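> Protein chains in written order, with full-length UniProt numbering: chain A, 1 to 297; chain B, 1 to 297.
Protein chains: 2
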Amino acid sequence: MILTCRYAPYVPQREPPHAPGPGSDHVPDNGSVTGPKQAPGPRADDRPPPRHRDLRLAVDRASPVPLYFQLARQLEAAIESGTLAPGSLLGNEIELAARLGLSRPTVRQAIQSLVDKGLLVRRRGVGTQVVHSHVARPLELSSLYDDLLAAGQHPSTRVLQNARGPAPAAVAAALGLPESCQVAVVHRLRLTHGEPMAYLCNYLPCDLLEPATPELEATGLYALMRHHGITLHSAEQTVGARAATAEESRLLAEPAGAALLTMQRTTYDDRGRAIEFGSHLYRASRYTFEFRLLVRA
Amino acid sequence: MILTCRYAPYVPQREPPHAPGPGSDHVPDNGSVTGPKQAPGPRADDRPPPRHRDLRLAVDRASPVPLYFQLARQLEAAIESGTLAPGSLLGNEIELAARLGLSRPTVRQAIQSLVDKGLLVRRRGVGTQVVHSHVARPLELSSLYDDLLAAGQHPSTRVLQNARGPAPAAVAAALGLPESCQVAVVHRLRLTHGEPMAYLCNYLPCDLLEPATPELEATGLYALMRHHGITLHSAEQTVGARAATAEESRLLAEPAGAALLTMQRTTYDDRGRAIEFGSHLYRASRYTFEFRLLVRA
DNA sequence: GTCAACGCTTTGTCCGGACATAAGGACTTC
DNA sequence: GAAGTCCTTATGTCCGGACAAAGCGTTGAC
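1) Is it buried or exposed for Val295(B), if we count other Cβ within 10 angstroms and need 16 for buried?
2) Measuring straight from C-alpha to C-alpha, what distance separates Arg271(B) and Ser88(A)?
3) Report the rounded CA-to-CA distance for Arg286(A) versus Pro211(A), giving the unit in angstroms.
4) Going by other Cβ atoms of all chains shown within 10 Å of its Cβ, with 16 needed for buried, is Thr106(B) buried or exposed?
5) Using a Cβ cut-off of 9 Å, pull out every chain B residue sitting near Gln161(A), in sequence order please.
6) Could you tell me whether the Cβ atoms of Arg164(B) and Cys206(B) are closer together than 8 Å?
7) What's the call for Pro168(B), buried or exposed, on a 16-neighbour Cβ count within 10 Å?
8) Distance, Cα to Cα, Ala110(A) vs Met263(B)?
9) Would you report the Cα separation of Leu232(A) and Met225(A), rounded to the nearest angstrom?
10) Would you tell me roughly how many angstroms separate the C-alpha atoms of Thr213(A) and Thr266(B), rounded to the nearest one?
11) When we look at the beta-carbon of Glu217(A) and count the other beta-carbons within 10 Å, is it buried (16 or more) or exposed?
12) Whose Cβ in chain A lies nearer than 9 Å to the Cβ of Leu232(B)?
13) Please decide whether residue 298(B) counts as near chain A, where near means a Cβ-Cβ distance under 8 Å.
14) Measure the C-alpha to C-alpha separation of Ser63(B) and Gln112(B) and round it to an integer number of angstroms.
15) Please go through the region 232 to 258 of chain A and give each complete alpha helix (DSSP H) segment of 4 or more residues, from N-terminal end onward.
16) Per DSSP, Tyr199(A) is paired with what?
17) Please identify the residue among Tyr68(A), Ala246(A), Val130(A), Ala274(A) whose C-alpha is closest to the C-alpha of Thr83(A).
18) Ends of the beta strand (DSSP E) at Arg164(A)?
19) Which residue's Cα is closest to the Cα of His154(B): Ala174(B), Pro86(B), Val65(B), Met197(B)?
20) Please list, in chain order, the chain A residues whose beta carbon lies closer than 8 Å to that of Arg190(B).
21) In whole angstroms, what is the alpha-carbon distance linking Ala243(B) and Ile275(B)?
22) Just the Cα atoms here: how many angstroms apart are His280(A) and Ile230(A)?
23) For the putative contact between Gln161(B) and His187(B), defined by C-beta atoms under 8 Å, what is the C-beta separation to the nearest angstrom?
24) Near Leu209(B), which residues of its chain fall below 6 Å by C-beta distance, leaving aside the five closest residues on each side in sequence?
25) Which residues does DSSP pair with residue 299(B) in a beta bridge?
26) Please state if the CB of Arg292(A) and the CB of Leu252(A) are separated by a distance shorter than 8 Å.
27) Report, in whole angstroms, the separation of the C-beta atoms of Tyr203(B) and Val171(B), which I expect to be a contact under 8 Å.
28) Would you please state the rounded distance, in angstroms, between the beta carbons of Ala259(A) and Ala241(B)? I believe it to be under 8 Å.
29) Can you tell which of Gly125(B), Leu102(B), Tyr222(B), Gly127(B) has its C-alpha closest to the C-alpha of Gly278(B)?
30) Would you mind stating whether Leu67(B) and Leu102(B) have Cβ atoms separated by less than 8 Å?
31) Could you check if Ile79(A) is buried or exposed, using at least 16 other CB atoms within 10 Å of its CB as the buried criterion?
32) Note down, in chain order, each residue of its chain lying with its Cβ closer than 6 Å to the Cβ of Glu236(A), except the 5 sequence neighbours on either side.
33) Starting from the beta carbon of Val128(B), find every residue of chain A whose beta carbon is closer than 7 Å, and list them in chain order.
34) CB-CB under 6 Å to Leu96(B), same chain, minus the five flanking residues each way: which ones, in chain order?
35) Is the separation between the beta-carbon of Asn92(B) and that of Gly127(B) shorter than 8 Å?
36) According to DSSP, is Ala173(A) part of a helix, a strand, or is it coil?
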């Protein structure tokens with residue numbers, strides 16, 4: 001529900017000769033069922049893409065949820081379920097609007113939201129078609145905790161430290177606070193199936209929120225912040241790597257000097273205030289970042 | 001111009017006790033000039049945000065560039081230059097439209113595009129205001145090569161291999177091609193200031209493009225693809241870390257077993273075809289990924 | 001003095017229409 | 001047969017208006 005980024009635990013990727021790790025679960029559906037490709041051509045899409053006039057669509061004008069949103073959700077569901085096949089045309093906007101008893105701007109708004117999500121592509125003179133391949137996958141997930149939960153990884157949290165202290169210079173700078181200002185300092189160990197996965201250090205302006213340890217152990221930091229009425233807006237992340245120190249390797253149950261994935265993040269609310277700075281360490285042997293980028297014309 | 005991701009070379013981040021690396025260049029402008037905070041309150045924004053009726057805005061109806069886009073660009077420039085101060089209100093849409101001789105939908109379209117970029121926040125009953133802090137920075141840059149170029153890092157490329165060969169299983173799967181299909185295989189070493197920075201292995205369907213070595217040494221892969229009429233649409237990336245093998249450490253001039261940042265990417269064009277698979281290795285000591293995430297309500 | 005009701009401001013949603021422009025095919029011409 | 005031209009189709013841009021709903025301050029009653 002939150003950020004357009006997806007954390008993917010447990011993707012073993014070794015193979016020293018720098019061969020690409022197993023992209024494994026990545027099986028584009030390029031007609032491998034319907035038989036072999038039809039010989040030449042650029043590839044695949046040579047058959048005229050089908051049209052979909054017979055899609056079950058309807059909006060409820062009594063509902064408080066906006067019409068364009070109702071339509072967008074139905075289209076998205078049709079795409080994910082495969083009812084709207086990848087590559088198929090959507091039928092022109094005018095006709096679609098007439099069929100639903102909506103105006104064209106409303107239909108366009110619905111379509112545009114899916115274009116922004118990368119599910120549809122519009123080309124003038126041609127029409128709007130469903131982007132094929134890289135199937136329906138949850139593209140935007142939320143916090144690490146929620147992701148792990150959804151992935152059935154049984155996440156848990158051990159709070160190593162939860163106190164108030166002076167902000168280190170770099171933290172103060174990231175949060176826009178005066179040097180040595182008091183902040184809430186939270187050190188946590190995130191486990192999956194009881195095994196350590198990441199070491200998380202977070203700093204929060206203490207006039208904003210001072211998380212209670214039981215809360216921290218029961219859920220993720222983002223859920224906790226939302227629960228306290230903070231609306232997240234954006235985050236800036238920096239991802240890198242380095243070798244583990246002795247203490248870090250002990251905490252994370254990795255061999256000394258193992259490669260770790262590092263992530264630092266500053267999160268902002270909808271007023272632009274920095275509400276959190278985090279410095280995280282992940283076991284590279286069990287964890288990767290996965291995300292999707294869209295071109296912005 | 002391309003993806004909403006930014007590659008940031010040369011960010012030393014050590015400090016073993018897992019202190020946050022220097023976020024350094026990150027200096028939010030929270031009224032540290034106008035004096036100390038006015039005591040309590042949530043923080044900062046207590047003074048009524050200023051309004052901007054006196055902004056120099058004008059559109060050229062003769063120009064072929066869309067009106068909403070002209071307006072959006074001018075607003076963006078005003079925000080980046082500081083003319084529109086962070087936190088300031090934009091003045092209501094109706095008035096803005098009247099002042100410019102535009103209709104409200106057009107003005108809304110311009111504003112919406114900036115909201116999507118994360119530069120503005122709208123709240124009904126209140127108005128549209130500029131997101132403050134995390135100043136004007138290039139948020140969406142393009143390929144590694146272009147980024148390095150823009151950062152004044154003097155990038156260069158050494159092509160280690162450029163041939164046609166059978167696709168490894170994982171590559172074929174990622175590209176949606178049959179097993180052992182022929183693909184263009186490109187191995188490159190990316191240097192900055194003459195020093196190795198990354199080792200790049202890329203695979204392209206050979207019915208799409210077979211890059212010439214001189215081209216590869218002169219520019220980036222994305223620029224080359226665009227130049228050949230391919231329109232990039234989206235990419236899926238996986239970022240991880242692991243220790244370098246003997247050969248890798250030699251190529252990248254790193255000590256044996258050094259931590260490397262790994263990145264694998266599948267790129268799609270606007271038809272949804274996979275057009276490239278890359279497996280990259282970066283020197284973690286000189287390179288990090290930096291990106292910005294927006295919440296999607 | 002506290003709290004609810006009201007009203008103002010501003011964005012959110014939706015409509016109907018108009019013309020411009022790009023893509024692609026069909027047709028004509030050379 | 002190859003080239004250019006025209007036409008159809010569909011999205012892109014833009015307009016003017018209308019009402020709904022959320023935020024917030026003010027007013028009023030208790």
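Think of the CB as a built atom: it goes at the ideal place given N, C-alpha and C, for glycine as much as any other residue.
Here the structure is a predicted model, which means the values were calculated and not measured.
With the given structure in hand:
1) Working through the second sequence from its first residue, we reach residue 295(B) at position 295. The C-beta of Val295(B) has 16 or more other C-beta atoms within 10 Å across all chains shown, which makes the residue buried.
2) Counting from 1 along the second sequence, the entry for residue 271(B) is found at position 271. Counting from 1 along the first sequence, the entry for residue 88(A) is found at position 88. Straight across, the Cα-Cα distance linking Arg271(B) with Ser88(A) is about 11 Å.
3) Along the first sequence, read from residue 1 onward, the residue named residue 286(A) stands at position 286. Along the first sequence, read from residue 1 onward, the residue named residue 211(A) stands at position 211. Each residue's Cα considered, the two are about 28 Å apart.
4) As a first step, residue 106(B) is located in the second sequence; it is residue number 106 there, counting from the start. Buried, since its Cβ has 16 or more Cβ neighbours within 10 Å.
5) Position 161 of the first sequence holds residue 161(A). By Cβ distance, chain B contributes nothing, its closest Cβ being about 12 Å from Gln161(A), past 9 Å.
6) Against the second sequence, residue 164(B) aligns to sequence position 164. Against the second sequence, residue 206(B) aligns to sequence position 206. Closer than 8 Å, so yes.
7) The residue given as residue 168(B) occupies position 168 in the second sequence. With 16 or more other Cβ atoms within 10 Å, it is buried.
8) Within the first sequence, the letter at position 110 stands for residue 110(A). Within the second sequence, the letter at position 263 stands for residue 263(B). Whole-angstrom Cα-Cα distance: 34 Å.
9) One-based indexing of the first sequence puts residue 232(A) at position 232. One-based indexing of the first sequence puts residue 225(A) at position 225. One C-alpha to the other measures close to 8 Å.
10) Stepping through the first sequence from its first residue, residue 213(A) is reached at position 213. Stepping through the second sequence from its first residue, residue 266(B) is reached at position 266. Each residue's Cα considered, the two are about 41 Å apart.
11) On the first sequence, residue 217(A) is found 217 positions in, with the first residue counted as 1. With fewer than 16 Cβ atoms within 10 Å of its Cβ, Glu217(A) is classed as exposed.
12) In the second sequence, counting from the first residue as 1, residue 232(B) sits at position 232. Under the 9 Å cutoff, chain A gives Val295.
13) Nothing in the structure corresponds to residue 298(B), since chain B is present only between 1 and 297.
14) Locating residue 63(B) in the second sequence gives position 63, where the first residue counts as 1. Locating residue 112(B) in the second sequence gives position 112, where the first residue counts as 1. If I take the Cα positions, the gap works out to 21 Å.
15) The qualifying runs are 246 to 252.
16) As a first step, residue 199(A) is located in the first sequence; it is residue number 199 there, counting from the start. Bridge partners of Tyr199(A): Leu189(A), Leu281(A).
17) Here residue 83(A) corresponds to residue number 83 of the first sequence, with the count starting at 1. With distances taken between Cα atoms, Thr83(A) lies closest to Val130(A).
18) Mapped onto the first sequence, residue 164(A) falls at position 164. Start and end: 155 to 166.
19) Stepping through the second sequence from its first residue, residue 154(B) is reached at position 154. Here the closest residue by C-alpha is Met197(B).
20) Looking up residue 190(B) in the second sequence gives position 190. In chain order: nothing, as chain A lies at least about 14 Å away.
21) What you label residue 243(B) is simply residue 243 of the second sequence in a count that begins at 1. What you label residue 275(B) is simply residue 275 of the second sequence in a count that begins at 1. So the alpha carbons of these two residues sit roughly 29 Å apart.
22) Counted from its first residue, the first sequence places residue 280(A) at position 280. Counted from its first residue, the first sequence places residue 230(A) at position 230. Near 22 Å, if we compare the C-alpha coordinates of Ile230(A) and His280(A).
23) For the purposes of this step, residue 161(B) is identified with residue 161 of the second sequence, where counting begins at 1. For the purposes of this step, residue 187(B) is identified with residue 187 of the second sequence, where counting begins at 1. Contact between Gln161(B) and His187(B) holds: their C-beta atoms lie close to 4 Å from each other, under 8 Å.
24) On the second sequence, position 209 is the one that residue 209(B) refers to. If we look at Leu209(B) and ignore the five residues flanking it on each side, its Cβ neighbours are His228.
25) With chain B covering 1 to 297 only, the question about residue 299(B) has no answer from this structure.
26) The residue you call residue 252(A) lines up with position 252 of the first sequence. The residue you call residue 292(A) lines up with position 292 of the first sequence. No, they are not a contact pair.
27) Working through the second sequence from its first residue, we reach residue 203(B) at position 203. Working through the second sequence from its first residue, we reach residue 171(B) at position 171. With a beta-carbon spacing of about 5 Å, Tyr203(B) and Val171(B) fall inside the 8 Å limit used to define contacts.
28) Sequence index remark: in the first sequence, residue 259(A) carries index 259 (1-based). Sequence index remark: in the second sequence, residue 241(B) carries index 241 (1-based). With a beta-carbon spacing of about 5 Å, Ala259(A) and Ala241(B) fall inside the 8 Å limit used to define contacts.
29) Position 278 of the second sequence, counting from 1, holds the residue named residue 278(B). Comparing alpha-carbon positions, the option among Gly125(B), Leu102(B), Tyr222(B), Gly127(B) lying closest to Gly278(B) turns out to be Tyr222(B).
30) Position 67 of the second sequence, counted from the start, is the residue given in the question as residue 67(B). Position 102 of the second sequence, counted from the start, is the residue given in the question as residue 102(B). Result yes, Cβ atoms of Leu67(B) and Leu102(B) sit closer than 8 Å.
31) As a position in the first sequence, residue 79(A) is number 79, starting the count at 1. Residue environment for Ile79(A): buried (at least 16 other C-beta atoms within 10 angstroms of its C-beta).
32) Along the first sequence, one-based indexing puts residue 236(A) at 236. Taken in chain order, the residues that qualify are Thr266.
33) In the second sequence, residue 128(B) corresponds to position 128, counting from 1. First, the amino acid is wrong: residue 128(B) is Thr here, not Val. Residues of chain A passing the Cβ test: none, with the nearest at roughly 12 Å.
34) As a working note, residue 96(B) is residue 96 in the second sequence. Closer than 6 Å at Cβ, skipping near neighbours: Val107.
35) Mapped onto the second sequence, residue 92(B) falls at position 92. Mapped onto the second sequence, residue 127(B) falls at position 127. It is a contact, given that the beta carbons lie within the stated cut-off.
36) Residue mapping note: residue 173(A) aligns to position 173 of the first sequence, counting from 1. Ala173(A): helix per DSSP, three-state reduction.
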